[in-house]
Amino acid sequence: MIISKKKDLKGLMENIKGYRSFFLIGCSECAALCGTGGEPEIGEMKGALEAEGKIVTGGIVAKTGCQVLGTKTELKQFKEQLNKAECILVMSCGAGTQAATEIFEDKPVYPTNDSLFLGNMTRFRMFDERCSLCGECILDRTGGICPITTCPKGLLNGPCGGCKDGHCEVSPDIECAWVRIYERMKRLDKLQEFCETILEAKDWSKTQKPRNLYAREEKKR
Amino acid sequence: MSFREALNSGKFVVTAEVGPPKGTDIKDMVHHMELLKGKVDAVNVTDNQSAVMRICSLAVCKIAIEYGLEPILQMTCRDRNRIALQSDLLGASVLGIKNVLCMTGDHVSAGDHKGAKPVYDVESVQLLKIVDGLNNGRDMSGNELNGAADFLQGAVVTPEANPIEPQLIKFEKKVRAGARFFQTQAIYDINKFKEFMKYARRFPVKILAGFVVLKSAAMANFLNNNVPGIRVPQELIDELKAAGKEKALDTGINITARHIRQLKEERVCDGVHIMAIGMEDKVPLIMERAGLL
Numbered sequence: 013m014i015i016s017k018k019k020d021l022k023g024l025m026e027n028i029k030g031y032r033s034f035f036l037i038g039c040s041e042c043a044a045l046c047g048t049g050g051e052p053e054i055g056e057m058k059g060a061l062e063a064e065g066k067i068v069t070g071g072i073v074a075k076t077g078c079q080v081l082g083t084k085t086e087l088k089q090f091k092e093q094l095n096k097a098e099c100i101l102v103m104s105c106g107a108g109t110q111a112a113t114e115i116f117e118d119k120p121v122y123p124t125n126d127s128l129f130l131g132n133m134t135r136f137r138m139f140d141e142r143c144s145l146c147g148e149c150i151l152d153r154t155g156g157i158c159p160i161t162t163c164p165k166g167l168l169n170g171p172c173g174g175c176k177d178g179h180c181e182v183s184p185d186i187e188c189a190w191v192r193i194y195e196r197m198k199r200l201d202k203l204q205e206f207c208e209t210i211l212e213a214k215d216w217s218k219t220q221k222p223r224n225l226y227a228r229e230e231k232k233r
Numbered sequence: 107m108s109f110r111e112a113l114n115s116g117k118f119v120v121t122a123e124v125g126p127p128k129g130t131d132i133k134d135m136v137h138h139m140e141l142l143k144g145k146v147d148a149v150n151v152t153d154n155q156s157a158v159m160r161i162c163s164l165a166v167c168k169i170a171i172e173y174g175l176e177p178i179l180q181m182t183c184r185d186r187n188r189i190a191l192q193s194d195l196l197g198a199s200v201l202g203i204k205n206v207l208c209m210t211g212d213h214v215s216a217g218d219h220k221g222a223k224p225v226y227d228v229e230s231v232q233l234l235k236i237v238d239g240l241n242n243g244r245d246m247s248g249n250e251l252n253g254a255a256d257f258l259q260g261a262v263v264t265p266e267a268n269p270i271e272p273q274l275i276k277f278e279k280k281v282r283a284g285a286r287f288f289q290t291q292a293i294y295d296i297n298k299f300k301e302f303m304k305y306a307r308r309f310p311v312k313i314l315a316g317f318v319v320l321k322s323a324a325m326a327n328f329l330n331n332n333v334p335g336i337r338v339p340q341e342l343i344d345e346l347k348a349a350g351k352e353k354a355l356d357t358g359i360n361i362t363a364r365h366i367r368q369l370k371e372e373r374v375c376d377g378v379h380i381m382a383i384g385m386e387d388k389v390p391l392i393m394e395r396a397g398l399l
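Keeping their order, the protein sequence lines are chains A and B. Counting from 1 along the first sequence, just add 12 to a position and that's the residue number in the working numbering. Counting from 1 along the second sequence, just add 106 to a position and that's the residue number in the working numbering.
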């Protein structure tokens, strides 16, 4: 899921100080799980805005805020509240915010969160980055552990000299990705493969931005 | 005799290190070069070491040539993508730089520009393959070069890494990727280094043991606690302690000289790499005491 974090409230209030009335859009998917855009957070934001003398005309936890057409349909029933709002506050990720930008051509749209990474939830509201969306998965070559993401240098052929007792030079809190890959390959009896493989440099053209995908055959552009 | 010839001749090779300064005043650096001239087989020129921004390695390599030293261009993958790396390598080639040491490079978080974007477009093993390609007249994309490079390419290895197995697997990958010589992380335990050499001797590469002079027991403890792949044995720490504050540096120099002498006399490895780190003026003294001058 997309991991998001609330922006500092003081900074946010400074950003939106020119507006009086707001409509809030959360998201029931990632943002709700991150505690940044579910029902409780929308309630908190409403309280914070009203404490500053602002007006909240309404709010919705969109089912999937990054789904443009679906969100647009969901918002139809809030036409009046939306009309009264000078500004839309989006409480999900950057994709959700930009869905709103597309939907509201004539209204300013502000994000209340910072979007951080594609993450795994390991415990309640604890998230780890394990995939960088590099466009060409190498997990089949690295024992199912991604060094592009979990090694701060994204090394492809083993640990650097900065590995200390199985931990990373960048932070002792980071386990060395290549020690983990080595241990796993050993457990799976695949050490020979690990030793013999020299992975070629990544083809970063696969990540050329902005990326898009048209997965429906008949809708190919 | 060039560095390449010295390595191939079977001579016990000595390399030292020149750290480019931060700023345009190169007086001290040139003084260190003059001290090393005629004494060492080559000097490594570090590449924004510890991710601290300094004069680039390439420019200082060229200055080293002007002052009569043979440089080893240290090249990390931290600050340049594959286009910049290859371009700098071709530039080095036409400036008369013959040796390159391929490294991954300390992470930017260690340095003085912590907000910099770390590059690591390629890494040390792939960089070795790039150099091999340039030597064979091809760039990384397979395009033919109008004139090939002719580098002697080396790499680094940490004989005391913990755990050691993944490090040795990478060492073997570097050998297969074309590394001709290795310079090691600083070693302090000669018996353990001998074990590493017993393993490394199976490969057709030259190994230069790395040395960093211990200035005090406190420094030894600091290295043990903070620097990956360095382990100073307790007996050396005791020796430094026993020497007292005034004599600690002299004792550290003696320890380094004693170790180098032993490696040379027993032909344990092919040479040594002395990383002076702020004590460049002591390198001739270390060499003298080690019986290398």
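Backbone N, C-alpha and C fix where the C-beta goes; we use that ideal spot for every residue, glycine too.
Amino acids of chain B, ordered along the chain, whose beta-carbon sits closer than 7 Å to that of residue i
i              : result
residue 210(A) : 231, 279, 282 and 283
residue 177(A) : 268
residue 99(A)  : Residues of chain B passing the Cβ test: none, with the nearest at roughly 31 Å.
Separation of residue j from residue i, as counted between CA atoms
i              : j              : result
residue 144(B) : residue 294(B) : 27 Å
residue 226(A) : residue 216(A) : 20 Å
residue 396(B) : residue 350(B) : 22 Å
residue 333(B) : residue 107(B) : 35 Å
residue 70(A)  : residue 62(A)  : 12 Å
residue 372(B) : residue 138(A) : 55 Å
residue 272(B) : residue 172(A) : 10 Å
residue 93(A)  : residue 50(A)  : 19 Å
residue 153(A) : residue 205(A) : 9 Å
residue 386(B) : residue 337(B) : 23 Å
residue 110(B) : residue 335(B) : 28 Å
residue 132(B) : residue 304(B) : 41 Å
residue 150(A) : residue 46(A)  : 28 Å
residue 161(B) : residue 154(B) : 7 Å
residue 148(A) : residue 292(B) : 38 Å
residue 374(B) : residue 173(B) : 32 Å
residue 99(A)  : residue 123(A) : 11 Å
residue 68(A)  : residue 219(A) : 40 Å
Closer than 8 Å at the beta carbon, the chain A residues around residue i
i              : result
residue 143(B) : The contacting residues do not exist; residue 143(B) stays about 30 Å from chain A at best.
residue 212(B) : 174 and 181
Cβ pair residue i, residue j closer than 8 Å
i              : j              : result
residue 182(B) : residue 147(B) : no
residue 113(A) : residue 121(A) : yes
residue 107(A) : residue 37(A)  : no
residue 149(B) : residue 124(B) : yes
residue 419(B) : residue 282(B) : Because chain B in this structure spans residues 107 to 399, residue 419(B) falls outside the shown range and cannot be described.
residue 85(A)  : residue 41(A)  : no
residue 140(A) : residue 268(B) : no
residue 312(B) : residue 266(B) : no
residue 228(B) : residue 279(B) : no
residue 320(B) : residue 380(B) : no
residue 240(B) : residue 286(B) : no
residue 103(A) : residue 57(A)  : yes
residue 181(A) : residue 213(B) : yes
Closer than 9 Å at the beta carbon, the chain B residues around residue i
i              : result
residue 168(A) : 228, 229, 231 and 232
residue 194(A) : 269, 271, 272 and 275
residue 207(A) : 275, 278 and 279
Neighbouring residues, chain A, relative to residue i (Cβ below 9 Å)
i              : result
residue 216(B) : 174, 181 and 182
residue 291(B) : 173
7 Å CB neighbourhood of residue i in its chain, flanking five on each side removed
i              : result
residue 210(A) : 169
residue 383(B) : 318
residue 378(B) : 120, 314, 315, 317, 366 and 369
residue 28(A)  : 99 and 122
Cut-off 8 Å between Cβ atoms - residues of its own chain near residue i, not counting five sequence neighbours on either side
i              : result
residue 200(B) : none
residue 250(B) : 243 and 244
residue 322(B) : 346, 351, 354, 355 and 358
Cross-strand partners of residue i (DSSP beta bridge)
i              : result
residue 33(A)  : 67(A)
residue 163(A) : Its beta-bridge partners do not exist; DSSP assigns none.
residue 73(A)  : 38(A)
Own chain partners of residue i with C-beta closer than 6 Å, once the 5 adjacent residues on each side are dropped
i              : result
residue 175(A) : 188
residue 155(A) : 193, 196 and 197
residue 178(B) : 148, 150, 205 and 207
Proximity test, residue i beta-carbon vs the ligand GTP heavy atom, cut-off 7 Å
i              : result
residue 349(B) : Questions concerning the ligand GTP fall outside what the structure shown contains, since it holds no ligand whatsoever.
Chain A contact residues for residue i, given Cβ-Cβ distances below 7 Å
i              : result
residue 188(B) : 213
residue 264(B) : 173
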